[in-house]
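To keep things clear, I will list the structure first and then write my remarks on it.
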Amino acid sequence: MAAATLYDKLWDIHVVRDNADGTSLLYIDRHLLHEVTSPQAFEGMRLAGRKPWRTAANLAVADHNVPTLNRAQGIADPVSRLQVETLDRNCAQYKIVEFRLADARQGIVHVIGPEQGATQPGMTVVCGDSHTSTHGALGALAFGIGTSEVEHVLITQTLIQSRSKRMLVRVNGQVEAGVSAKDIALALIGRIGTAGATGYAIEFGGAAVRALSMEARMTLCNMSIEAGARCGLVAVDETTIDYMRGRPFAPRGALWDRAVAYWRTLASDPDAVFDRVLELDGADIVPQITWGTSPEMVAAGDAGVPDPATEPDRTRRAGMERALAYMGLEPGLPMTSIRPDKVFIGSCTNSRIEDLRAAAAVVQGQRVADNIKLALVVPGSGLVKRQAESEGLDRIFQAAGFEWREPGCSMCLAMNADRLQPGERCAATSNRNFEGRQGQGGRTHLLSPAMAAAAAIRGHFVDVRKL
Amino acid sequence: MQPLIRIKGIVAPMDRANVDTDAIIPKQFLKSIKRTGFGPNLFDEWRYLDHGEPGQDCARRPKNPDFVLNEPRYQDASILLARRNFGCGSSREHAPWALKDYGFRVLIAPSFAEIFYNNCAKNGMLPVVLDEESVEQLFREVAASAGYMLEVDLPSQSVITPSAQRFGFEIDAFRKQALLDGLDEIGLTLQYADEIRAYEERRRRDAPWLYQSPDA
Ligand code: SF4
Numbered sequence: 119m120a121a122a123t124l125y126d127k128l129w130d131i132h133v134v135r136d137n138a139d140g141t142s143l144l145y146i147d148r149h150l151l152h153e154v155t156s157p158q159a160f161e162g163m164r165l166a167g168r169k170p171w172r173t174a175a176n177l178a179v180a181d182h183n184v185p186t187l188n189r190a191q192g193i194a195d196p197v198s199r200l201q202v203e204t205l206d207r208n209c210a211q212y213k214i215v216e217f218r219l220a221d222a223r224q225g226i227v228h229v230i231g232p233e234q235g236a237t238q239p240g241m242t243v244v245c246g247d248s249h250t251s252t253h254g255a256l257g258a259l260a261f262g263i264g265t266s267e268v269e270h271v272l273i274t275q276t277l278i279q280s281r282s283k284r285m286l287v288r289v290n291g292q293v294e295a296g297v298s299a300k301d302i303a304l305a306l307i308g309r310i311g312t313a314g315a316t317g318y319a320i321e322f323g324g325a326a327v328r329a330l331s332m333e334a335r336m337t338l339c340n341m342s343i344e345a346g347a348r349c350g351l352v353a354v355d356e357t358t359i360d361y362m363r364g365r366p367f368a369p370r371g372a373l374w375d376r377a378v379a380y381w382r383t384l385a386s387d388p389d390a391v392f393d394r395v396l397e398l399d400g401a402d403i404v405p406q407i408t409w410g411t412s413p414e415m416v417a418a419g420d421a422g423v424p425d426p427a428t429e430p431d432r433t434r435r436a437g438m439e440r441a442l443a444y445m446g447l448e449p450g451l452p453m454t455s456i457r458p459d460k461v462f463i464g465s466c467t468n469s470r471i472e473d474l475r476a477a478a479a480v481v482q483g484q485r486v487a488d489n490i491k492l493a494l495v496v497p498g499s500g501l502v503k504r505q506a507e508s509e510g511l512d513r514i515f516q517a518a519g520f521e522w523r524e525p526g527c528s529m530c531l532a533m534n535a536d537r538l539q540p541g542e543r544c545a546a547t548s549n550r551n552f553e554g555r556q557g558q559g560g561r562t563h564l565l566s567p568a569m570a571a572a573a574a575i576r577g578h579f580v581d582v583r584k585l
Numbered sequence: 116m117q118p119l120i121r122i123k124g125i126v127a128p129m130d131r132a133n134v135d136t137d138a139i140i141p142k143q144f145l146k147s148i149k150r151t152g153f154g155p156n157l158f159d160e161w162r163y164l165d166h167g168e169p170g171q172d173c174a175r176r177p178k179n180p181d182f183v184l185n186e187p188r189y190q191d192a193s194i195l196l197a198r199r200n201f202g203c204g205s206s207r208e209h210a211p212w213a214l215k216d217y218g219f220r221v222l223i224a225p226s227f228a229e230i231f232y233n234n235c236a237k238n239g240m241l242p243v244v245l246d247e248e249s250v251e252q253l254f255r256e257v258a259a260s261a262g263y264m265l266e267v268d269l270p271s272q273s274v275i276t277p278s279a280q281r282f283g284f285e286i287d288a289f290r291k292q293a294l295l296d297g298l299d300e301i302g303l304t305l306q307y308a309d310e311i312r313a314y315e316e317r318r319r320r321d322a323p324w325l326y327q328s329p330d331a
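Chains as they are written, first to last, in this note's numbering: chain E, 119 to 585; chain F, 116 to 331.
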């Protein structure tokens, strides 16, 4: 057999049929649902008199709208409440497993999938959310879909798709201490742009990626959508298999051994051909901070804000000027002189236990600076929260002046009460710095958990390696 | 889905790159459990001077006079001319729903974010990719004459200017057919139910753990 990339192996094994027009009907093993992109799909299904194809393939959780304070009182906003209740009702009616608000397993959909072992190597995983790319870290073919496709998967357990091109991003060598997967992701996006991988599936490889923990790989794959890719992938290795062991949805007994034997085949063949190969040197990557309103507007944490005058491309220059005006920044200003008003540690990019540990290590024994109006830690799931509390991380954060909240998307997209006021500046570990993303007029700077924690303590951005 | 064959309409220009789905429809409107009614909140933060929340009467809100869609000459536009990477960001279908509810049927740009492109096609909207130079030319022509119209012909895959200049565009055969016929994709897929079942049986033999539920 010809040498195949991991992407092609995953694709080929899920093809139900190839259509004459070049598309394929792909089988979907796992469908994750949340409250925002599913109500219209359930409604469409009901109106057409149809029903779910395979109930057990679905797993649901509410995360986008949920409050991170005073959970016991329920959701105050009636519009949000109706959306969450609609998910509850739909799941109850169709007997779909749902982790409800009071369940310790509730959390951000992309955190709980892997955490539960519901995402497994070799699966196709979809969800009505673009950051489904996260799950590719486990060697799964995972991508975000729209609501029409959510309905299509619910009813047929398949999707009509066309094959992407394959890109290999090889991060050679090693990254320095203090440089995280978030920095690798931002550095990559800074280099190829937010549309740089449009049409591609990215596989991350190289020694620096092999050395990453499972959670760090999730951060990396999570951000691949921000580079325009539909999905990100990391080949299965011992790190993956160790991670899967003992998780509630993971195979057990004899099936575990069979599964592992299959999972070990989930890597690109050594002589597989990619449509594009990009090499990064891990040693060159430094902590990153975004300065603009697109993740590609990113700079080294100790650099200055770039000058649009030096940009030859007209559209890009206009975009930079608009971004600087929106962000209230001047060209040349050192990043380290920028003072955030709020700090947000959370989101499906960086709310797992290792992220919280990295932030807590910086915060330990320190105090949040006076100019920081609010510093929030929002764990990715109830189980992450519980783990962090058992390690005493909550006390480290709270002693420093951080607030310790209930799990959810929270200030990543500000659909709940956690948001920025117009003009407020935020150091955020999330993935999007679009205008208004964290609240109308809010200004977002993306960075790693350690960098966010350092900014909270110093009251301005600082390269965490120089603390 | 309503078929789309040939559209002739007023063109509105959106002269910025990387217009994201948060800008197209801000998140407070995603709380709706319906598919329709998003049009008045399309580009809400750019379009109005006040802060928008679900349930407002948008006709009474202060409009931003500098926002392009508020200019009288672009009222009734059904074709949106945009810059590269239009629709980047989230997979929310609310973005195409809002564009469609507003009245757009065709979007033209040098590139679109992938999920957004798919979502448009699934909602009977045609995203047309033209090269940067052609898009630049169209931006100039739109600016030069009020009431500027384009004709977009899906069967021949072309955009036709008032001076009868034609720009060809690519679209994959499946999407084209689905748009032309206004197809129910789910109904179509269900015709292959036997093949899906056969696949499941095969896979259950080779990878039985995929069919194991946690409490089994
Ligand atoms: S944490 Fe943010 S990016 Fe992730 S799923 Fe929630 S809203 Fe989307």
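Ideal Cβ positions, reconstructed from N, Cα and C, are used throughout, including at glycine.
Integer-rounded CB distance, given that residue j should sit under 8 Å from residue i
i, j, result
"residue 154/E", "residue 145/E", "Not confirmed; about 25 Å, so no contact."
"residue 199/F", "residue 224/F", "6 Å"
"residue 264/F", "residue 126/F", "7 Å"
"residue 408/E", "residue 416/E", "5 Å"
"residue 159/E", "residue 227/E", "Going by Cβ atoms, the distance from residue 159/E to residue 227/E rounds to 15 Å, so no, they are not a contact pair."
"residue 549/E", "residue 465/E", "6 Å"
"residue 300/F", "residue 270/E", "6 Å"
"residue 129/E", "residue 259/E", "7 Å"
"residue 406/E", "residue 301/E", "5 Å"
Residue i: CB within 6 Å of a non-hydrogen atom of the ligand SF4
i, result
"residue 226/E", "yes"
"residue 338/E", "no"
"residue 249/E", "yes"
"residue 531/E", "yes"
"residue 465/E", "yes"
"residue 173/F", "no"
"residue 527/E", "yes"
DSSP three-state assignment for residue i, whether helix, strand or coil
i, result
"residue 171/E", "coil"
"residue 147/E", "coil"
"residue 136/E", "strand"
"residue 181/E", "coil"
"residue 450/E", "coil"
"residue 166/F", "coil"
"residue 406/E", "strand"
"residue 257/E", "coil"
"residue 245/E", "strand"
"residue 331/F", "Model confidence at residue 331/F stands at a pLDDT of 41, short of 50, so the residue's coordinates are unreliable; what they give is reported in the following sentence. Residue 331/F falls in the coil class under three-state DSSP."
"residue 360/E", "helix"
"residue 428/E", "helix"
"residue 135/F", "strand"
"residue 484/E", "coil"
"residue 307/F", "coil"
Residue i: contacting residues in chain F (beta-carbon distance under 7 Å)
i, result
"residue 555/E", "137"
"residue 157/E", "148"
"residue 246/E", "206"
Option nearest residue i by Cα separation, candidates the options
i, options, result
"residue 453/E", "360/E, 322/E, 423/E", "423/E"
"residue 512/E", "476/E, 495/E, 525/E, 223/E", "495/E"
"residue 324/F", "357/E, 359/E, 378/E", "378/E"
"residue 394/E", "339/E, 317/E, 127/E, 418/E", "317/E"
"residue 314/F", "275/E, 557/E, 567/E", "275/E"
"residue 480/E", "500/E, 517/E, 159/E", "517/E"
"residue 347/E", "360/E, 442/E, 248/E, 177/E", "248/E"
"residue 77/E", "224/E, 256/E, 223/E, 227/E", "Because chain E is modelled from 119 through 585, residue 77/E falls outside the range shown and cannot be assessed."
"residue 227/F", "213/F, 247/F, 153/F, 186/F", "247/F"
"residue 568/E", "579/E, 561/E, 336/E, 131/E", "579/E"
"residue 103/E", "458/E, 527/E, 524/E, 510/E", "This structure cannot speak to residue 103/E, because chain E is shown only from 119 to 585."
"residue 220/F", "268/F, 169/F, 281/F", "268/F"
"residue 434/E", "312/E, 231/E, 345/E", "312/E"
"residue 320/E", "140/E, 281/E, 333/E, 196/E", "281/E"
"residue 101/E", "300/E, 301/E, 493/E, 315/E", "Chain E is shown only over 119 to 585; residue 101/E falls outside these bounds and no answer can be derived."
Amino acids of chain E, ordered along the chain, whose beta-carbon sits closer than 7 Å to that of residue i
i, result
"residue 327/F", "369, 373"
Contact list for residue i against chain E, beta-carbon separation under 8 Å
i, result
"residue 169/F", "197"
"residue 229/F", "316, 317, 346, 348"
Cross-chain neighbours of residue i in chain F, by beta carbon under 8 Å
i, result
"residue 143/E", "304, 307, 310, 311"
"residue 183/E", "146"
Chain F residues whose Cβ lies nearer than 9 Å to that of residue i
i, result
"residue 533/E", "142, 143, 145, 146"
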